[in-house]
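Numbering (the UniProt record's numbering) for the sequence shown: 1 to 348.
See structure below.
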Amino acid sequence: MADSTMTMESVGKVISIQGSARALSGTEMRELSSNSEIFQGETLVTDKGSKLEIKFLDDTSLSIGQDSEINIDSYVYDSQSADNSDLLLQMTKGVFRTITGEIAKQNPDHFKIKSPLATIGIRGTTVVSEVNKTTEKHGVEDIGPGKTLVVQDNMGNTQFITKPLMVVDFFQNQGIEPPRPLTNLELRFFRFQAPIRGISDDPDTKEEDEGTSEEPDAGGKEPDPENEDQGNEEPLSEEEEKEKEEEEKEEEDGGNNGGGDNSWQSDKPEPESDPGPQQEPQQEPQQEPQQEPQQEPQQEPQQEPQQEPQRAPEPELLILPDNRDPDFPEPFNFESELFSFKPVSEPE
């Protein structure tokens, strides 16, 4: 079966490839290599760890990062008629960088890039894009004066980018976010994933563009505050200069004749008197650092043994001696008295 690409006109070619990439057209697939032709309607796919750069007929550059997919939906370039020129790229997933060529110069409205969440109108810019399943980023790395990047979501909301190193974020079911600065880390990511020939991939250029330098004063030197007063003095007139010279002469004559104002003598240093032998300052004896008294470890108070309560002394039994006092009556003996009871006789 004849190759269908032989009947189609090429719209560009591969100028750089790293790893493996393929071009899909319907049911056909072909492996791409350096200088491979690219045709309208093809879908370009890169594998993991692979990179691909395409140069179109109008000098538009398209760099495709790893694990990416993009379709060349429409491409027509007519150098004689701007109305006939047209370019439409359909991004499916991955990382991309695009530098516009002659089509964007001829007819900016005919140069568009689409993704699942956005439509991008390119007008003389270097565009960076990252397309994922639920989020997207679209912005500009470089943009010419008076140029604009127009970004629109599927709900018709539009954002405009007119400054370099700006990007807009897309979130599924949320639409487009306002433009924000492209971070240095993001710039490094885009330049590493999708390099373009002839473009400086030094990420420090962002910092140089955003940095501000202080302008030095004329002559490149800062003014000396000590010489500011001297530079601001007004020049003396001729009469003032003559008066000043006469005053100086009078002071000199007065000093030579021993008369006049002797204030000039105050300028001479007076002879210093001999202070005599200087005594060396006595060094105060250094006090030895006092050692803090060491605190003796506190002994835990010993608990005194609990004393058992003293019982009251039992009363002593009084033992009477056998020899009783005759005057002291004997104790009553109940039993003896009971049994010795005698009935009282009735009176007669």
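Ideal Cβ positions, reconstructed from N, Cα and C, are used throughout, including at glycine.
Model, not experiment: these values are computed from the prediction.
Item                                                                                                              : Value
Which listed residue (D47, G26 and Q40) has its alpha carbon closest to that of V11                               : Q40
Beta-carbon proximity of I17 to L52, cut-off 7 Å                                                                  : yes
Option in G139, M155, Q66 and G156 with minimal Cα separation from L149                                           : G139
Cα-Cα separation, I176 to F170                                                                                    : 5 Å
Within 7 Å, strictly: CB atoms of S85 and Q66                                                                     : no
Coarse secondary structure for D67, derived from DSSP in three states                                             : coil
Straight-line gap, T60 to I122 (C-alpha atoms, nearest Å)                                                         : 11 Å
Where R191 falls: helix, strand or coil (DSSP)                                                                    : helix
Where P116 sits in the DSSP three-state scheme                                                                    : coil
Beta-carbon proximity of S25 to E42, cut-off 7 Å                                                                  : yes
N- and C-terminal bounds of the alpha helix (DSSP H) containing K105                                              : E102 to Q106
Unbroken beta strand (DSSP E) run spanning E37, endpoints                                                         : E37 to F39
Which listed residue (A118, G19 and K48) has its alpha carbon closest to that of F160                             : A118
Integer Cβ distance of S68 from K48, believed to fall under 8 Å                                                   : Rounded, the Cβ-Cβ distance is 10 Å, inconsistent with contact.
Beta-carbon proximity of S50 to G19, cut-off 7 Å                                                                  : yes
Minimum C-alpha distance to N132 - residue among M166, I70 and L187                                               : I70
Pairwise C-alpha distance: P116 and G144                                                                          : 27 Å
Anticipated Cβ contact below 8 Å, T162 with D142, distance rounded                                                : Incorrect: roughly 12 Å between the Cβ atoms, too far for contact.
Cβ-based burial, M91 [other Cβ within 10 Å; buried from 16]                                                       : buried
Counted within 10 angstroms of its Cβ, other Cβ atoms place V14 as buried (16 or more) or exposed                 : buried
Environment of P108 [buried if 16+ CB atoms lie within 10 Å]                                                      : buried
Among K147, R197, D58 and V128, the one whose alpha carbon lies nearest that of P181                              : V128
Nearest-angstrom Cα separation, counted from I99 out to A194                                                      : 12 Å
Contact belief for I120 with I113 at Cβ below 8 Å, rounded distance in angstroms                                  : 4 Å
Endpoints, beta strand (DSSP E) assigned at K163                                                                  : Where K163 is concerned, there is no enclosing beta strand (DSSP E), given that its DSSP letter is neither H nor E.
As assigned by DSSP and simplified to three states, the class of L89                                              : strand
Among E130, E243 and E245, nearest to R97 - alpha-carbon criterion                                                : E130
Through-space distance from D83 to G157, alpha-carbon basis                                                       : The residue asked about is misnamed: residue 157 is Asn in this sequence, not Gly. C-alpha separation (whole angstroms): 27 Å.
For G258, three-class secondary structure by DSSP                                                                 : Residue confidence is low: G258 scores 49 on pLDDT, short of 50, so the model does not pin down where it sits. Its coordinate-derived value is still stated next. Three-state result, G258: coil.
When S81, E37, S79 and F192 are compared against I72, the one with the closest alpha-carbon                       : E37
Exposed unless 16 or more other CB atoms sit within 10 angstroms - verdict on G146                                : exposed
Where R191 falls, given that 16 or more other Cβ within 10 Å makes a residue buried                               : buried
Residue closest to L57, alpha-carbon to alpha-carbon, out of Q152, V76 and A21                                    : V76
Nonlocal neighbours in the same chain, by C-beta distance under 6 Å from Q172, ignoring five residues either side : T134
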